[in-house]
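Following this note's numbering, the numbering of the sequence shown begins with 54 at its first residue and continues without gaps. For every residue, glycine included, the Cβ atom is placed at its ideal position computed from N, Cα and C. No experiment lies behind these values; they were computed from the predicted model shown. Remarks on the structure that follows.
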Amino acid sequence: MKLVYKDLGTVKYDQAYALQEKYVEMVQNDSPDTLILLEHPKVITLGINADVSNILMDKGDLIKNGFEIIKIRRGGDVTYHGPGQLVVYTIFNIKKNHGGSIKRFVYELEQLIIDLLIEEYGINANRDPINSGVFIGLSKIAAIGLSVHRGVTMHGFALNVNTDLSDFKTIVPCGLTNRDVTSMEAILGQNQNMVQIKKSILNRFIQTFGFTSIETHFREFI
54 MKLVYKDLGT VKYDQAYALQ EKYVEMVQND SPDTLILLEH PKVITLGINA DVSNILMDKG
114 DLIKNGFEII KIRRGGDVTY HGPGQLVVYT IFNIKKNHGG SIKRFVYELE QLIIDLLIEE
174 YGINANRDPI NSGVFIGLSK IAAIGLSVHR GVTMHGFALN VNTDLSDFKT IVPCGLTNRD
234 VTSMEAILGQ NQNMVQIKKS ILNRFIQTFG FTSIETHFRE FI
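If you want it as C-alpha cells, here you go:
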C-alpha cells in the first residue's frame with residue numbers, strides 16, 4: 054500500500070485547505086493515501102459547531118496582532134495554529150484501506166502521538182477520558198479534528214512542538230475551560246528539532262498503517 058508524503062514548510066491556512074480539498078477528491082478517486090506536514094502562520098479556526106464566545110480577544114485586535122480567523126468544515130470547537138506547531142493532515146481512505154471506523158482512526162492517531170512522545174522524548178503522554186487529543190496531565194499537547202467525505206478523511210492533528218503558548222490565551226482551546234496547553238519545548242526546556250520530529254512521525258505512520266511504498270514531495274504545491 055502506497056503513501057504520498059508531502060512536507061510543505063509554512064503555508065497559509067486557506068492555501069492548505071484548498072490543497073486538502075484537492076487531495077480528498079484525488080484519494081476518493083483511488084489516488085494513494087496522502088500525508089501532509091506543515092506549519093501555519095497565526096490563525097484561529099472555528100469548527101462547524103464552534104462557540105464564538107471561546108474567542109477571547111476582539112477580532113480587530115487579533116488582526117492587528119497578526120492572526121487570521123477562519124470558519125472551516127471539521128469537528129471540534131475553536132483552535133489555534135501557528136509557527137512552531139506541527140500540523141499533520143491525513144487524507145486517508147479509511148473506508149478502503151483502514152477498516153472504515155473514524156473512531157478507530159482517531160484512536161490510532163492518538164496512540165501514534167503518545168508512542169512518539171513516550172518512546173523518543175520521555176514525555177509521559179496520555180489520553181483524556183472525555184476529550185480527544187493527547188495530554189500531559191491536564192495539559193493538551195496535541196489536538197485532533199477530522200471530517201470524513203465519501204470514506205476519505207480530511208484535517209488531522211496539530212502537535213505543539215515549539216509553539217508560542219501565549220498565543221493560546223486568545224481563545225479557549227477546543228472549548229475546554231478546565232484544561233490548558235503545553236508544548237514539547239515547554240516540557241523539555243529547549244527548542245526541538247522539527248526536521249527530526251517530522252521524520253519520526255512519517256516512520257510511525259508507515260508502521261501504524263502498514264504502508265510499503267512511499268512517494269515524497271517537499272515544499273511543492275502540486
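Asked                                                                                                                                                                                 : Found
Please work out which residues of its chain come closer than 8 Å, Cβ to Cβ, to R272, disregarding the five sequence neighbours upstream and downstream, and give them in chain order. : D60, L61, G62
Taking three-plus beta-carbon pairs below 8 Å as touching, is the segment 99-115 in contact with the segment 231-239?                                                                 : no
Based on Cα-Cα distance, which residue from V201, H93, S236 lies nearest to G190?                                                                                                     : S236
Can you find a C-beta in chain D that's less than 7 Å from the C-beta of D111?                                                                                                        : Absent from the structure is chain D; it holds one protein chain and no more.
Going by the beta-carbon positions, is the gap between I197 and V159 smaller than 7 Å?                                                                                                : yes
How far does the alpha helix (DSSP H) with F188 in it reach, from first residue to last?                                                                                              : No alpha helix (DSSP H) holds F188; the beta strand (DSSP E) holding it covers 187-189.
Is the Cβ-Cβ distance between G137 and T216 less than 7 Å?                                                                                                                            : yes
Does the segment 140-148 touch the segment 78-91, meaning 3 or more C-beta pairs lie closer than 8 Å?                                                                                 : yes
What does the alpha-carbon distance come out to for the pair P94 and D220?                                                                                                            : 12 Å
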